[in-house]
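Participant:
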Amino acid sequence: MCIVTIGDISMNQQVQHARSLQERLGRVFHQPLNVESWTNKRITVNYRVPLEQLNQLLPRCVSAEEIRDTGTGMLSMCACDFSVTKFGPVPVPRIHTNEMLCRISVTVPKNGQHRRAYYTLRSDTSSSVLGLCGGYFSHFRKATSSFDRVDDGDTYALQCRADDSLCNAELTASMDEISDNPPDTTVFEDVSEATEFVLELDGSCGFNFAQEKLSFQEIEYPDWDVSFCHECSLDSSLVDHLATAYDLDLTFDCTLYMADVDQTWKRAWLYEPTDVNANTTGDRAALADD
Numbered sequence: 532m533c534i535v536t537i538g539d540i541s542m543n544q545q546v547q548h549a550r551s552l553q554e555r556l557g558r559v560f561h562q563p564l565n566v567e568s569w570t571n572k573r574i575t576v577n578y579r580v581p582l583e584q585l586n587q588l589l590p591r592c593v594s595a596e597e598i599r600d601t602g603t604g605m606l607s608m609c610a611c612d613f614s615v616t617k618f619g620p621v622p623v624p625r626i627h628t629n630e631m632l633c634r635i636s637v638t639v640p641k642n643g644q645h646r647r648a649y650y651t652l653r654s655d656t657s658s659s660v661l662g663l664c665g666g667y668f669s670h671f672r673k674a675t676s677s678f679d680r681v682d683d684g685d686t687y688a689l690q691c692r693a694d695d696s697l698c699n700a701e702l703t704a705s706m707d708e709i710s711d712n713p714p715d716t717t718v719f720e721d722v723s724e725a726t727e728f729v730l731e732l733d734g735s736c737g738f739n740f741a742q743e744k745l746s747f748q749e750i751e752y753p754d755w756d757v758s759f760c761h762e763c764s765l766d767s768s769l770v771d772h773l774a775t776a777y778d779l780d781l782t783f784d785c786t787l788y789m790a791d792v793d794q795t796w797k798r799a800w801l802y803e804p805t806d807v808n809a810n811t812t813g814d815r816a817a818l819a820d821d
């Protein structure tokens, strides 16, 4: 379990605050099967946030990853549509879904190593099948929501209307404003560095607060073909709530775009972390599974 000392009373309060919110947003459980998919388009809007602020949102056994030596990490909102093509070894008729996902770039302990991953706060899907399966058998805190999508070659837009209004969101991006040129707002030197930090991760992760167990899932990625999107708007009730409730200093960094991507989300099981040593964030325990 995550080890907490007597002097960590304020940390305990932060964890309880994070737990209350995240258990409202969805469940974290095992994923017993690999899931293969093909993504039509994915747009990821990225915000820099001071590390100590992002860590308020995380269990103690997970740490926000630092962007170089900037003292900041990354909170992102991903909007995409994709089709699931296989559950485990069994091909299935394509199950299409529109999705919105709020995530934090983190490091998570697994088998005595720190793995780079994204920690999902909430994932919304338009597919009732994926909402049901992912809601009970994944760590993505997934819920089925209503979506509208525009994909006409000029504009890519997704609007999510969730049962919980805290998770409503709308993204609109211009397909005419896609290039490899970095925007003035980004700390990344080029699209390759941005891709490496935001997208080229070892996998994804989640935390079950009730069981005090982690989940880490490896993801098989293709060679990325990623660009910056220079004209994109995002209205997210969840991002706004996080900024207000946790007093986050959000700074827009960049929006990344990709299309036509195959991926495999590997199966994952909850595991109990144990204390091993101190990590680079100083006051947060570095942990590894048994």
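By this note's numbering, the letter at position 135 of the sequence shown is numbered 666, and the numbering carries on one by one without gaps.
For each residue, glycine too, the CB sits at the ideal point set by N, CA and C.
Predicted, not measured: the structure shown is a model, and the values here were computed from it.
Between which two residues does the alpha helix (DSSP H) carrying Tyr-667 extend?
Facilitator: Your numbering for residue 667 matches position 136 in the sequence shown. Residues 659 to 667.
Participant: Candidates Arg-558, Gly-665, Arg-599, Asp-685: which alpha carbon is nearest Asn-565's?
Facilitator: Here the question's residue 565 lines up with position 34 in the sequence shown. Among Arg-558, Gly-665, Arg-599, Asp-685, the Cα nearest to that of Asn-565 is on Gly-665.
Participant: Out of curiosity, what's the CA-to-CA distance linking Gln-545 and Ser-710?
Facilitator: Residue mapping note: residue 545 aligns to position 14 of the sequence shown, counting from 1. Residue mapping note: residue 710 aligns to position 179 of the sequence shown, counting from 1. If you take the alpha carbons of Gln-545 and Ser-710, they lie about 40 Å apart.
Participant: Relative to the C-alpha of Asn-571, which candidate in Tyr-788, Glu-583, Gln-644, Lys-797 has its C-alpha closest?
Facilitator: Sequence index remark: in the sequence shown, residue 571 carries index 40 (1-based). Ranking Tyr-788, Glu-583, Gln-644, Lys-797 by Cα distance to Asn-571 puts Tyr-788 first.
Participant: Can you tell me which of the three DSSP states Asn-490 falls into?
Facilitator: An answer regarding residue 490 cannot be provided, because it is not within the stretch 532 to 821 covered by the chain.
Participant: On the premise that Thr-628 lies in contact with Ser-658, defined as a C-beta separation below 8 Å, what is that separation, rounded to the nearest angstrom?
Facilitator: Taking the first residue of the sequence shown as position 1, residue 658 is located at position 127. Taking the first residue of the sequence shown as position 1, residue 628 is located at position 97. Ser-658 to Thr-628, Cβ: 4 Å. Contact.
Participant: Kindly indicate which three-state DSSP category Met-719 falls into: helix, strand or coil?
Facilitator: The count along the sequence shown starts at 1 and reaches residue 719 at position 188. Correcting the residue type first, residue 719 is Phe in the shown sequence and not Met. The answer is coil: DSSP assigns Phe-719 none of H, G, I, E or B.
Participant: Run through the DSSP bridge pairs and tell me what Val-621 is partnered with.
Facilitator: Counted from its first residue, the sequence shown places residue 621 at position 90. Val-621 pairs with Phe-618.
Participant: Among the residues of its own chain, which have a CB less than 6 Å from the CB of Ser-607, if the five just before and after it don't count?
Facilitator: By one-based count along the sequence shown, residue 607 stands at place 76. Within the same chain, Ser-607 has close Cβ partners Thr-575, Asn-577, Arg-634.
Participant: Is there contact here, the segment 772 to 788 with the segment 745 to 763, by at least three beta-carbon pairs under 8 Å?
Facilitator: Yes, since at least three Cβ pairs between the segment 772 to 788 and the segment 745 to 763 fall closer than 8 Å, the two stretches touch.
Participant: Could you give the first and the last residue of the continuous beta strand (DSSP E) run that contains Ser-746?
Facilitator: Residue numbering aside, residue 746 sits at position 215 when the sequence shown is read from its first letter. Taken as a continuous stretch (DSSP letters only), the beta strand (DSSP E) holding Ser-746 covers 744 to 751.
Participant: Specify whether the segment 614 to 625 and the segment 769 to 781 touch according to this definition: at least 3 beta carbon pairs, one from each stretch, less than 8 Å apart.
Facilitator: No contact exists between the segment 614 to 625 and the segment 769 to 781.
Participant: What's the call for Gln-547, buried or exposed, on a 16-neighbour Cβ count within 10 Å?
Facilitator: Locating residue 547 in the sequence shown gives position 16, where the first residue counts as 1. Flag for Gln-547 reads exposed.
Participant: Grouping DSSP H, G and I as helix and E and B as strand, with all else coil, what is Ala-674?
Facilitator: Translated into positions along the sequence shown, residue 674 becomes position 143. Strand, per DSSP.
Participant: In three-state terms, what does DSSP make of Asp-771?
Facilitator: Here residue 771 is taken as the residue at index 240 of the sequence shown, counted from 1. Three-state DSSP puts Asp-771 in a helix.
Participant: For the segment 635 to 648 and the segment 671 to 684, state whether three or more C-beta atom pairs, one from each stretch, are separated by less than 8 Å.
Facilitator: Because the criterion of three Cβ pairs below 8 Å is not met, the segment 635 to 648 and the segment 671 to 684 do not touch.
Participant: Alpha carbon to alpha carbon, what distance is there between Ala-595 and Glu-803?
Facilitator: Here the question's residue 803 lines up with position 272 in the sequence shown. Here the question's residue 595 lines up with position 64 in the sequence shown. Approximately 20 Å between the Cα atoms of the pair.
Participant: Taking C-beta to C-beta, are Ser-705 and Glu-630 nearer than 8 Å?
Facilitator: One-based indexing of the sequence shown puts residue 705 at position 174. One-based indexing of the sequence shown puts residue 630 at position 99. Result no, Cβ atoms of Ser-705 and Glu-630 do not sit closer than 8 Å.
Participant: Leaving aside the five residues before and after Pro-753 along the sequence, list all residues of the same chain whose C-beta is less than 8 Å from its C-beta, in chain order.
Facilitator: For the purposes of this step, residue 753 is taken as the residue at position 222 of the sequence shown. Here the set comprises Val-792, Asp-793, Gln-794.
Participant: Are the beta-carbon atoms belonging to Leu-652 and Gln-553 less than 8 Å from one another?
Facilitator: Here residue 652 corresponds to residue number 121 of the sequence shown, with the count starting at 1. Here residue 553 corresponds to residue number 22 of the sequence shown, with the count starting at 1. Yes, the pair counts as a contact, with Cβ atoms nearer than the cut-off.
Participant: Would you list the residues sitting across from Tyr-832 in a DSSP beta bridge?
Facilitator: Within the shown structure, residues of the chain are numbered from 532 to 821, placing residue 832 beyond reach of any answer.
Participant: Under the three-state reduction of DSSP, which class applies to Thr-795: helix, strand or coil?
Facilitator: By 1-based counting over the sequence shown, the position of residue 795 is 264. Reduced to three states, the DSSP call for Thr-795 is strand.
Participant: Run through DSSP, which three-state label would Leu-818 get?
Facilitator: Taking the sequence shown and counting its residues from 1, the one referred to as residue 818 is at position 287. Here Leu-818 scores only 42 on pLDDT, less than 50, and its place in the model should not be relied on; the value that follows carries that caveat. Of the three classes helix, strand and coil, the one that applies to Leu-818 here is strand, per DSSP.
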